[in-house]
Amino acid sequence: MKTKKLCLALYSGSVDKLTAAGVILGGAAAEDMDVEIYVLLQAAFAFKKENAMTNTRVAEITDKKDEFLASLQRLDAPHWTEAFKTAKEMTNVKVHICGFAGKVWNGFKLDDFIDLADDICGIGEYISSAEEADINLFI
Amino acid sequence: MTQEELMSVAIDKSIDARGTSCPGPLLAAKKAIGQISKGQTMEVLSADEGTKRDIPKWCNKKGFEYLGTIEESGFFKIIIRK
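From first to last, the protein sequence lines stand for chains A and B. Quick note: to get this note's numbering, add 97 to the position in the first sequence (first position is 1). Quick note: to get this note's numbering, add 180 to the position in the second sequence (first position is 1).
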């Protein structure tokens with residue numbers, strides 16, 4: 098049986114959306130799906146080495162940010178980077194940093210980003226991947 | 181399978197995922213299923229309500245047999261046969 102593929106255009110650099118992405122990746126990992134993640138614009142900020150663990154920005158319900166972050170802690174929810182790492186350990190997940198997005202945040206080489214990143218790519222690769230995917234998501 | 185029959189199933193592997201939220205129990209099940217042989221059984225302990233629906237669907241997709249769910253106080257046990 099052909100392995101199903103999830104293509105995720107990850108635009109958001111906020112922890113609420115990155116956490117949601119991590120949960121979805123967990124579901125994909127449980128089903129042994131291939132996953133291609135394209136890290137676009139604001140997400141590239143979150144993937145920078147100096148930002149990944151310190152960034153606590155949220156995109157939605159911002160007035161309840163403290164409550165949201167405290168709930169994640171209370172529920173012992175893994176940090177989004179841990180959720181991504183777990184998914185990478187369990188299934189075939191590739192994380193591609195958009196070259197343009199990287200440059201926007203002064204990330205010019207792969208080493209500027211956390212170890213989850215596999216390579217830096219152009220948007221053409223994303224389009225090709227999205228064409229082939231069984232599921233396409235934009236977060 | 182009745183609850184009585186379910187409770188009498190011999191369990192070969194038990195996974196306690198009560199400390200995790202979705203998708204933790206599902207991922208714990210996936211990790212553990214590789215450690216048992218075909219025909220053996222596994223129980224997943226969870227307190228995450230979504231897991232009650234997730235694991236049966238996952239079993240169906242992956243070709244494992246979902247035997248049923250036993251309700252306990254504050255958590256439940258999902259029984260699977262590989």
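Backbone N, C-alpha and C define an ideal beta-carbon position, used for all residues, glycine too. Being a predicted model, the structure only gives us computed values, none of them experimental.
If you follow the alpha helix (DSSP H) that serine 194/B is in, where does it begin and where does it stop?
Translated into positions along the second sequence, residue 194/B becomes position 14. No alpha helix (DSSP H) holds serine 194/B; the beta strand (DSSP E) holding it covers 193 to 196.
Rounded C-beta distance between proline 205/B and valine 189/B? I'm assuming under 8 Å.
Position 25 of the second sequence, counted from the first residue, corresponds to residue 205/B. Position 9 of the second sequence, counted from the first residue, corresponds to residue 189/B. With 8 Å as the limit, proline 205/B and valine 189/B do not qualify as a contact, their Cβ atoms being about 19 Å apart.
For the ligand ZN, I want to know if phenylalanine 205/A counts as a neighbour, meaning its beta carbon is within less than 7 Å of at least one of the ligand's heavy atoms.
The model on display carries no ligand, and the ligand ZN is accordingly not part of it.
Could you tell me which of Leu213/A, Asp209/A, Asp231/A sits nearest to glutamate 147/A, measuring between CA atoms?
Taking the first sequence and counting its residues from 1, the one referred to as residue 147/A is at position 50. Taking only the C-alpha atoms, the option nearest glutamate 147/A is Asp209/A.
Contact list for glutamate 128/A against chain B, beta-carbon separation under 8 Å
Numbered from 1 along the first sequence, position 31 holds the residue referred to as residue 128/A. Ordered by position in chain B, the residues that pass the 8 Å Cβ test against glutamate 128/A are Trp238, Lys241, Lys242.
Quick check on this structure: which residue in Met98/A, Leu122/A, Leu166/A has the alpha carbon closest to the alpha carbon of leucine 107/A?
For the purposes of this step, residue 107/A is taken as the residue at position 10 of the first sequence. Out of Met98/A, Leu122/A, Leu166/A, Leu122/A has the C-alpha closest to the C-alpha of leucine 107/A.
Measuring alpha carbon to alpha carbon, tell me which of Leu247/B, Lys242/B, Arg198/B ends up nearest serine 253/B.
Position 73 of the second sequence holds residue 253/B. The option with the nearest alpha carbon to serine 253/B is Arg198/B.
Distance between beta carbons of alanine 141/A and threonine 178/A, contact taken as under 8 Å
For this step, residue 178/A is matched to residue 81 along the first sequence. For this step, residue 141/A is matched to residue 44 along the first sequence. With 8 Å as the limit, threonine 178/A and alanine 141/A do not qualify as a contact, their Cβ atoms being about 14 Å apart.
Report back the beta-carbon spacing between proline 232/B and phenylalanine 256/B to the nearest angstrom; my notes put them in contact at under 8 Å.
In the second sequence, counting from the first residue as 1, residue 232/B sits at position 52. In the second sequence, counting from the first residue as 1, residue 256/B sits at position 76. Sequence check: residue 232/B is lysine here, not proline. Right, their Cβ atoms sit about 7 Å apart.
Is it true that the CB of isoleucine 259/B sits closer than 8 Å to the CB of leucine 247/B?
To locate residue 247/B, count along the second sequence from 1; it is residue 67. To locate residue 259/B, count along the second sequence from 1; it is residue 79. Yes, Cβ-Cβ distance for leucine 247/B and isoleucine 259/B is below 8 Å.
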